[in-house]
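Q: This is the structure, below, for whatever I ask next.
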Amino acid sequence: MSNILPLVCLPLLGLIAIVGYVVKQRIFHPLSKYGGPFLASLTDLWSTYLAYRGDWHVVMDRLHKKYGPIVRIAPNEVSISDPAAMKVIYSITGGFYKSEFYEPFRIPTDPPSLFTDRDEARHTERRKLVGSAYTMNSLLKLEPHVQIIISRFVQKLDEMFAATHEVADMSVWFYRMAYDVTVSQSLFMDRNANGSMVYKDITDVLFFFRYPRTKSDFLQFMQSSLNVHLASPETHSDMMTFMLNLRDAKGEEILSTDQVQRDCKAVIAAGADTTASTLSALLYYICKDRRVYQTLQKEIDEASLDLEANQPFSASMTEKLPYLAACIQEALRMHSGVGFPLPRVVPESGAIISGEVFPEGVVVGMNAWQVHRNRDVFGIDADIYRPERWMVTDKTDQKEVERVRNIERHQFAFGAGTRTCIGKHISLMEIRIAIPELLRRFEFTLEYPDHDIEVVNMWFATTRNVKCYIRRRS
Numbered sequence: 525m526s527n528i529l530p531l532v533c534l535p536l537l538g539l540i541a542i543v544g545y546v547v548k549q550r551i552f553h554p555l556s557k558y559g560g561p562f563l564a565s566l567t568d569l570w571s572t573y574l575a576y577r578g579d580w581h582v583v584m585d586r587l588h589k590k591y592g593p594i595v596r597i598a599p600n601e602v603s604i605s606d607p608a609a610m611k612v613i614y615s616i617t618g619g620f621y622k623s624e625f626y627e628p629f630r631i632p633t634d635p636p637s638l639f640t641d642r643d644e645a646r647h648t649e650r651r652k653l654v655g656s657a658y659t660m661n662s663l664l665k666l667e668p669h670v671q672i673i674i675s676r677f678v679q680k681l682d683e684m685f686a687a688t689h690e691v692a693d694m695s696v697w698f699y700r701m702a703y704d705v706t707v708s709q710s711l712f713m714d715r716n717a718n719g720s721m722v723y724k725d726i727t728d729v730l731f732f733f734r735y736p737r738t739k740s741d742f743l744q745f746m747q748s749s750l751n752v753h754l755a756s757p758e759t760h761s762d763m764m765t766f767m768l769n770l771r772d773a774k775g776e777e778i779l780s781t782d783q784v785q786r787d788c789k790a791v792i793a794a795g796a797d798t799t800a801s802t803l804s805a806l807l808y809y810i811c812k813d814r815r816v817y818q819t820l821q822k823e824i825d826e827a828s829l830d831l832e833a834n835q836p837f838s839a840s841m842t843e844k845l846p847y848l849a850a851c852i853q854e855a856l857r858m859h860s861g862v863g864f865p866l867p868r869v870v871p872e873s874g875a876i877i878s879g880e881v882f883p884e885g886v887v888v889g890m891n892a893w894q895v896h897r898n899r900d901v902f903g904i905d906a907d908i909y910r911p912e913r914w915m916v917t918d919k920t921d922q923k924e925v926e927r928v929r930n931i932e933r934h935q936f937a938f939g940a941g942t943r944t945c946i947g948k949h950i951s952l953m954e955i956r957i958a959i960p961e962l963l964r965r966f967e968f969t970l971e972y973p974d975h976d977i978e979v980v981n982m983w984f985a986t987t988r989n990v991k992c993y994i995r996r997r998s
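Counting in the numbering used here, the sequence shown runs from 525 upward without gaps.
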C-alpha cells in the first residue's frame, strides 16, 4: 500500500497544481477581467503559434472587434487598440520600457544594439551619440548613392520586364532594391564586372520564427560584408563610413567599432524589409484605384518637366509633391512594416491606460495595424486606401486643419516616443525617390487586379505576389 500511495498522490498533486494555476490566471490575476483567447491567459504558446502562422494582424483585428480595445494576449500581456493610449504607453516621460520580447532579436554574442537595448538610460545616451548620422541633413550626403541604385533598378526592370512583356513580382524586386540601397547606406556591396547590381534574396531569412537557421546564415553574410568595408573604409562614402568617422571623432572608448557594426546590422536587417513592404503596398494600392494612379502620375509628370531626361528626382524635389506625400502616408497607414504590438512594461508606479489601472510589471502594447483602422481618428472609411484624408483642402477651415493634425499625431508606422525608428528618414528618402522615378518611366498594371494584397506577418508584415505588367512610357 505504501508503494502505491506515491503513484496516486503525485498525479493528484500535479492535477491540483494545474487547476490552481488555471484558477489563479482566470480569476485572481490582475488581467483576468479582460477578454481574449482562453489559452492565451495560461501560456505564451498561443502568441508563439500565432506568430508562426503569419496572420497576427488579422487575428488581432478580429479579437479587438469581439472583446473591445483591451485584449489579453498572454498570461501577463494585453494588446490595446485605443489610439489615446499611445501618448501614455510611448510617452517620452512615461517610464515604460521594452519587454523581454526583444531579447530574441539580439545577436547572442553581442551587446544590445539601439533596437534591442531595453535599458532606457543607456539607449538615450547611445541615440544621442549616433543620432546625428540619421538626421535628414546627414542623409542628404547619401542621396547620390540612393539615386544610383534606383537608376540601376529602373534599368533592370526595363531590360527584364518592360522589354520582354514578362510579369514582374514587384514585392520581390522591391526587396532586392531596398536591400541594395540599405547596404549602400550601411556598408560596401560588391558589383560584378558589368556593373549590374549584386542581389542576395533575403526574404526567407527574415522569417526568423519559422526558419531559425536562416537567421544565422544572414548574420554571417552581414558580418562578412562588414569586414569587406572595414578593410578599406577610405574607398567608400556611405553610412558606415559616416559612423566610422564619428567613432574617430568621439574616440573608440566612447563609440567602438563593435557598436558601429551592431547598429549597421540592425539598419540592414530592418531597413530593407519595412521599406520594401511599404513600396509594394503603395504600388498595389495606387494600381487598384486608377483615379489615385492618374492623379499621382499627373503630379509626377508636371514635376519632371524641370528635369533633364536622365536626371533623377531628388528628395528635396519630391518633398514638394503633396499628393505623393499623401499616398506614402496612406500606404504606411494601411500597411505598416511591423505587424506586431510594440510591447512595453508598466513602470513601478503603475499606469492608467484607457481608463483602466494596470499594475507594475504588466506588459502592454499597441499594433499600428489596429490603431490605423480606428474610425474615430481616421474616418468611417478607415479600411479604404484614400490619400486625400492626409490633405487639407481648405487651410482656412480650422476644423479641417485639426482633423489632419490629429491623424498625423496617430501615425504609428515608425513607432512613437524615444523609440521612434531611427531609420525613418532613410526609408522615406528611398520611397520618395523610387516611386516618382518608376511612374515617370513606366506604367504599371496589376496582373490580378481583383486579388487582395498578400501579407505574411512574422513581426515584419511582408508583402507577397504584387505581380505587375510594366509598360514603357513615351
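Virtual Cβ for every residue (Gly too), placed ideally from N, Cα, C. Computed from a predicted structure; not experimentally measured.
Using alpha carbons as the reference points, say which of K948, R996, I957 and E880 lies closest to G655.
A: Answer by Cα proximity: K948.
Q: Ordered along the chain, which non-local residues of its own chain (more than five positions away) have a Cβ less than 6 angstroms from that of A937?
A: L856, S860 and A892
Q: In this structure, does DSSP put M701 in helix, strand or coil?
A: helix
Q: Less than 8 angstroms between the CB atoms is what I'm expecting for R995 and A686, so what's the real figure, rounded?
A: R995 to A686, Cβ: 6 angstroms. Contact.
Q: Enumerate in chain order the residues of its own chain whose CB-to-CB distance from Y972 is below 8 angstroms, with the five nearest sequence positions on each side excluded.
A: K991
Q: Taking its Cβ as the centre, do 16 or more other Cβ atoms sit within 10 Å of I726, making it buried, or is it exposed?
A: Confidence in I726 is poor, its pLDDT being 48 and thus under 50, which makes the residue's placement unreliable; the coordinate value appears in the next sentence. I726 is buried by the Cβ-count criterion.
Q: Can you give the Cα-Cα distance for T946 and Y909, rounded to whole angstroms?
A: Correcting the residue type first, residue 946 is Ile in the shown sequence and not Thr. Going from the Cα of I946 to the Cα of Y909 covers about 26 angstroms.
Q: In angstroms with no decimal places, state the Cα-to-Cα distance between E832 and E690.
A: 29 angstroms
Q: Helix, strand or coil for I994? Go by DSSP, reduced to three states.
A: strand
Q: Quick one: residues in its chain with C-beta nearer than 6 angstroms to the C-beta of S637, no 5 flanking neighbours on either side, listed in chain order?
A: Shown here for S637: same chain residues with a beta carbon closer than 6 angstroms to its own, the five before and five after excluded, namely R786, D787 and A790 in chain order.
Q: For P668 and V895, I'd like the C-alpha separation in whole angstroms.
A: Those two C-alpha atoms are separated by around 36 angstroms.
Q: Expressed to the nearest angstrom, what Euclidean distance is found between the alpha-carbon atoms of D643 and V887?
A: 16 angstroms
Q: Could you work out which residue in I955, K923 and H553 is closest to M701 when comparing CA atoms only?
A: I955
Q: Going by beta-carbon coordinates alone, are K622 and D606 separated by less than 9 angstroms?
A: no
Q: Can the beta-carbon of A564 be found closer than 9 angstroms to that of P599?
A: yes
Q: Starting from the N-terminal side, write out each stretch of the beta strand (DSSP E) that is 3 residues or longer and does not extend beyond the stretch 877-934.
A: The qualifying runs are 880-882 and 887-889.
Q: Buried or exposed: where does P883 fall if 16 or more other Cβ atoms within 10 Å of its Cβ makes it buried?
A: exposed
Q: Write down the C-beta distance between A940 and M610 rounded to the nearest angstrom, noting that I regard them as a contact closer than 8 angstroms.
A: Correct: roughly 6 angstroms between the Cβ atoms.
Q: Which partner residues does N981 have in the DSSP bridge list?
A: D579 and A985
Q: Could I get the ranges of all uninterrupted alpha helix (DSSP H) runs contained in the stretch 526-614, with 4 residues as the minimum, in chain order?
A: 528-547, 569-577, 580-591 and 610-613
Q: Would you mind stating whether D704 and F966 have Cβ atoms separated by less than 9 angstroms?
A: no
Q: Starting from F677 and walking both ways along the beta strand (DSSP E), at which residues does that stretch end?
A: Per DSSP, F677 belongs to no beta strand (DSSP E); it is in the alpha helix (DSSP H), E667 to L681.
Q: Leaving out five residues on either side along the sequence, give the residues of the same chain with a beta carbon under 6 angstroms from the beta carbon of I674.
A: I957, A958 and E961
Q: Assign C851 to buried or exposed, taking buried as 16 or more other Cβ atoms, counted over all protein chains shown, within 10 Å of its Cβ.
A: buried
Q: Tell me which residue opens and which closes the alpha helix (DSSP H) that T842 is part of.
A: A839 to T842
Q: To the nearest angstrom, how far is it from the Cα of M841 to the Cα of I672?
A: 17 angstroms
Q: Considering only residues of the same chain and omitting the five flanking positions on each side of G626, which have a CB-CB separation below 6 angstroms?
A: The question names Gly, but residue 626 in the sequence shown is Tyr. If we look at Y626 and ignore the five residues flanking it on each side, its Cβ neighbours are T640.
Q: Which word fits L848, buried or exposed, when buried means at least 16 other C-beta atoms lie within 10 angstroms of its C-beta?
A: Residue burial annotation: L848 is buried, with at least 16 other C-beta atoms found within 10 angstroms of its C-beta.
Q: L666 and I950 - do their beta-carbons sit closer together than 9 angstroms?
A: yes
Q: DSSP three-state label for E776, please.
A: Reduced to three states, the DSSP call for E776 is coil.
Q: Apart from the five residues just before and just after K999, which ones in its own chain have a Cβ nearer than 6 angstroms to its Cβ?
A: This structure cannot settle anything about residue 999, because the visible part of the chain is limited to 525 through 998.
Q: With 16 as the cutoff for other CB atoms within 10 Å, does Q549 come out buried or exposed?
A: buried
Q: Could you have a look at V654 and say whether DSSP puts it in helix, strand or coil?
A: In this structure, V654 counts as helix in the three-state DSSP scheme.
Q: Please work out which residues of its chain come closer than 8 angstroms, Cβ to Cβ, to F902, disregarding the five sequence neighbours upstream and downstream, and give them in chain order.
A: R857, H896, R913, I931 and H934
Q: Going by DSSP in three states, R630 sits in which element: helix, strand or coil?
A: Coil at R630, not helix or strand.
Q: Which term fits E601, buried or exposed, when burial requires 16 or more other beta carbons within 10 angstroms of its beta carbon?
A: buried
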